[in-house]
Amino acid sequence: MDSGRIRTPRTAPRTAAGARTGARTGPRTGPRTGRIAALAAAALLATVVPSAQAVAATAPRVDLAVLVVDDGGSAVGAITAELQGSGVPYRRIDLNDPNRPVLDTAFLSDTVDGRPRAKYQGVVLPHESAFGPDSAEATALQAYERTFGIPQVDAYTWAHPGVGLDYTDQGGWSGVLDGHRADVTTAGQAGPFRYLAGALTFEDNDPSISESYGYAGRPRAGYTSYLDVPVDGGGRASLVGEYAADGRRELVVTFAYNQYQRQFRALARGIVDWLTQGVHLGQSRNYLSVHVDDVFAPDARWDPALNCTPGDFDCVGGGDAVDPIRMTAADAEYAAAWQKASGFTLDMVYNGGQGEQWKTEHGGADALTDRLVADRAQYRWINHTYTHPFLGCVQDNAVVPWQCAKDTAGNTLWVSRSEISGQIRDNYNWAAGKGISVDRSELVTGEHSGLKTLPQQPVDNPNLAGALADNGVKWTASDNSREPQQRAVGTGTVKTVPRHPMNVYYNVGTAAEMTDEYNWIYTSRADGGSGICESNPTSTCLPAPLPTATGYADHIVPQEARTALSHVLGNDPRPHYVHQSNLAEERLLYPVLDRVLADYRALFAANAPLVNPAQKDVGTELSRRAAWDQAVAAGKVTAYRIGTTVTVKAPSGVTVPVTAPEGTRKKLLLGSTAFGTAYAGTRSAWTTPELLQTAVTLTLPTA
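For the sequence shown, my numbering assigns the number 727 to the initial residue and increments by one for each residue that follows.
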């Protein structure tokens, strides 16, 4: 399908068809009955004004939690994942559970201290007829939504008058959306999707598979389109919009999706903001930071004949490393210029001792070190230990794979606390002596060593935690592919910061080398590969080896950029990591980052900039999220809105994430102050009660 107008089929189906995303098909019922005259379009998120029925003499209390009615489909699953990932409390009702609670008036609302209470601020349904038309549960839910002004998201449905749209054969369209461009409407950019730049292209990762199916319908009275597509014959038809009728508001989504697809990830924030009227617990950002490991050190080079890396102990017949890959002064100059042009800062994860050794072996001079030190203020710097040794158990490399060496009594031999501490201390002092600013609290050990390394070393080096404490380290990096969750190291206050490995290898300097190694890993034995992809259940094989001349640019770069961008759009603060070799020779990292930055900036407006956090900021963010999720899961958080006042109570020591409209103010002991920081058209922050207060109290702006 091209990215031009969508052609109207001669006969457009009036019921949903299956889609490859795994989403449930749309309901096969007819138009909704009992709709009254359509109301005007709902006010913008920032107004957060309840419905007319809710503005009674006694303003109701609306608890800040979402009700999710789940049919097991991917659309509801995607919205649930967004709620969970951003810290929004929700209650899930499984429609497939015969013992599930029944939605009636008592389930949805009650009275607290003489005040009517709505237990949920928003409702997510698989589609508008999830309980069946005119059922007792549907009637109770609709009455609840009218009474308290509660919005409802129809996660995936089809275009029909019951949701405010004409059928697709009445000037609309239905079909596969892969590769097609949709546009955020003026109403969408003024409302829930104000953080998007305007255009949204549906992913088309595999031309042989239909990845997303949709129903684009022309709006009827009461429907405000937020995302639409051009259709054959002129005009546009809607894929996402708001339907206001019968005293209720629904966000109607008429295309299939799952939580990983870019089109959903781009819209997810706006769906949650619409669902919660812009006021909810939890917050999200779009994060990207990139750690460049081994700065000042050389990296070994892949051998395409041996299919291994000489210098590595498991490279049989490879001997010592030859022709290592190391940045030059010109590469350093390019890095500084690239940062300035791209508006993005790299984290230089350095080994000072390796640089000193290189200098000694090359006549006592090192233009690379001179250039990077001269440009030191342009980067962030992270301690990577002085000479990059393995800091776990003492390795026995006489066998492949290596194993932990043991003493005569069978006890594991460990790298000592003093050696670990010396590696951290000496590297910090080296940088300080050259005027490089380094935060003592941050550390990346070589190969993330010292931490458990399965299968050979199932526990942390018992000497690691003490050495970290000796040097004031609070945040040490771990490999997200092995340990995706943050955890404590020892019994102290040090915690891990998981990092995403980027699939740009440490041991390659050219695109041909990169593609050759990639082919070895991802092609079958029959195609000349290692066959690892065949035996590893988490991997897949390439259908054929990539051409070494074009495989990197045509296949690896877009795939790796897509993976990295999915982390960015998933509210994932974890850093990505590469190696200095990727900034050397053919400078393989830049095409990937250029693609990520270009795709991001084409998708998002200026009010949603990339957040480039330092390692300690990532560690703090992950720690706060863990404490928050634990408090919510334990039922220890109370949060509600009464009129324009929001109150949040959490256990002592738990920092609270809150998102609210522009103009929101936080109550102080005396007076108030502007709440939070601006991001994506709202205000948000991690916050705690002020002095002598037991709750966070916010005042929302009026209409």
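Positions of the beta carbon are idealized from the N, C-alpha and C atoms, including for glycine. Remember, it's a predicted structure, so these values are computed and weren't measured experimentally.
Check for me: the alpha helix (DSSP H) holding residue i runs from which residue to which?
i	result
I1258	I1258 to S1261
R712	Past the boundaries of the shown model lies residue 712; the chain is included only from 727 to 1429, so the question cannot be answered.
L1295	V1283 to L1295
T873	A862 to F874
Y1326	L1315 to L1329
T1423	From DSSP, T1423 is part of no alpha helix (DSSP H) but of the beta strand (DSSP E) over V1422 to T1425.
N809	At residue 809 the sequence reads Leu, which differs from the Asn that was named. S800 to S812 is the extent of the alpha helix (DSSP H) around L809.
Sorted by chain position, which residues of the same chain lie with C-beta nearer than 7 Å to residue i's C-beta, five sequence neighbours on each side aside?
i	result
T1428	T1370
D820	D796 and R826
R736	Low confidence applies here, because R736 scores a pLDDT of 31, under 50, leaving its location unreliable; read the following figure in that light. There are no such residues.
R1321	V1283, P1284 and A1287
W1246	N1033, G1255 and S1256
L1418	L1395
T1266	C1259
D1196	S1147
G798	N822
Following the continuous beta strand (DSSP E) through residue i, name the residue where it begins and the one where it ends.
i	result
R1097	Counting along the chain, R1097 falls outside any beta strand (DSSP E), though it belongs to the alpha helix (DSSP H) covering A1093 to A1100.
I819	Y816 to D820
L1032	Note, L1032: premise wrong, no beta strand (DSSP E); not H, not E.
D1019	V1016 to V1021
D999	Here D999 belongs to no beta strand (DSSP E); instead the alpha helix (DSSP H) covers R988 to L1001.
D1280	Where D1280 is concerned, there is no enclosing beta strand (DSSP E), given that its DSSP letter is neither H nor E.
L793	V792 to D796
V1304	H1302 to H1305
Could you tell me which of the options sits nearest to residue i, measuring between CA atoms?
i	options	result
P1415	D1096, V1382 and P1387	V1382
D1253	Y952, L1268, G888 and R817	L1268
I1108	L903, Q1080, M1074 and R1300	M1074
S900	S835, G888 and A982	A982
Y1316	E1388, Y1060 and V1337	Y1060
S1421	P1387, K1362 and A1404	The sequence as given places Ala at residue 1421; Ser does not occur at that position. It is K1362 whose Cα lies nearest to the Cα of A1421.
Y1303	P1224, V1141, A885 and G1043	P1224
T1364	P786, L790 and T784	L790
A1031	G1044, D823, D1020 and Q1356	G1044
T1289	T1274, E1311 and D1325	D1325
L1177	G940, L1194 and D1165	L1194
Y1076	E1168, T1217 and Q985	E1168
P1377	T1095, A1360 and W1028	A1360
P1181	L1314, A1191, Y1154 and W1128	W1128
L793	V849, K1342, P1115 and R1027	V849
Can you pull the DSSP bridge partners for residue i?
i	result
P956	R962
I1108	V1075
W1140	C1119
L1268	According to DSSP, which records beta bridges pairwise, L1268 is partnered with nothing at all.
Y893	Answer is none; Y893 lacks a bridge partner.
F981	G940
Q1129	D1122
R787	R843 and I1368
Q878	V849 and E976
T1413	V1382
Y1013	V1337
E1168	W1201
Skipping 5 residues on each side, what residues in its chain have a beta carbon closer than 6 Å to that of residue i?
i	result
R920	G1407
T1390	F1401, R1409, L1424 and L1426
W1412	R1350, T1381 and P1383
V966	Y952, L953 and V979
R988	E929
P1273	none
A782	The predicted model places A782 with a pLDDT of 44, which falls under 50 and marks its position as unreliable, so this point remains unresolved.
F857	E863 and A864
Between residue i and the rest of its own chain, which residues show a CB-CB distance below 8 Å, the 5 nearest in sequence each way excluded?
i	result
G1379	A1353
D1025	P1050, I1051, R1052, Y1232, N1233, H1305, Q1306 and S1307
R843	P786, R787, V788, D789, S835, D836, T837 and Y1366
A807	Q985
Output yes if chain C places a C-beta closer than 8 Å to the C-beta of residue i; else output no.
i	result
V1344	Absent from the structure: chain C. Only one protein chain is present.
Is it the case that the CB of residue i approaches a heavy atom of the ligand NAP more closely than 7 Å?
i	result
A1287	In the structure on display, the ligand NAP does not appear, and there are no ligands present to speak of.
Legend entry - Minimum length 4: unbroken alpha helix (DSSP H) runs contained in the region 1034 to 1092: 1055 to 1068 and 1078 to 1087
Legend entry - Ordered list of alpha helix (DSSP H) runs contained in the region 1331 to 1411, each at least 4 residues: 1341 to 1359
Inset, instruction - Scan the region 1174 to 1258 and note each continuous alpha helix (DSSP H) run of 4 residues or more that stays entirely inside, going in chain order. - result: 1190 to 1196 and 1237 to 1248
Inset, instruction - Identify every run of the alpha helix (DSSP H) within the region 900 to 977, keeping only runs that are complete inside it and at least 4 residues long; order them along the chain. - result: 912 to 916
Inset, instruction - At 3 residues or longer, and completely inside the region 826 to 858: list those beta strand (DSSP E) runs for me, N to C. - result: 835 to 838, 841 to 844 and 848 to 851
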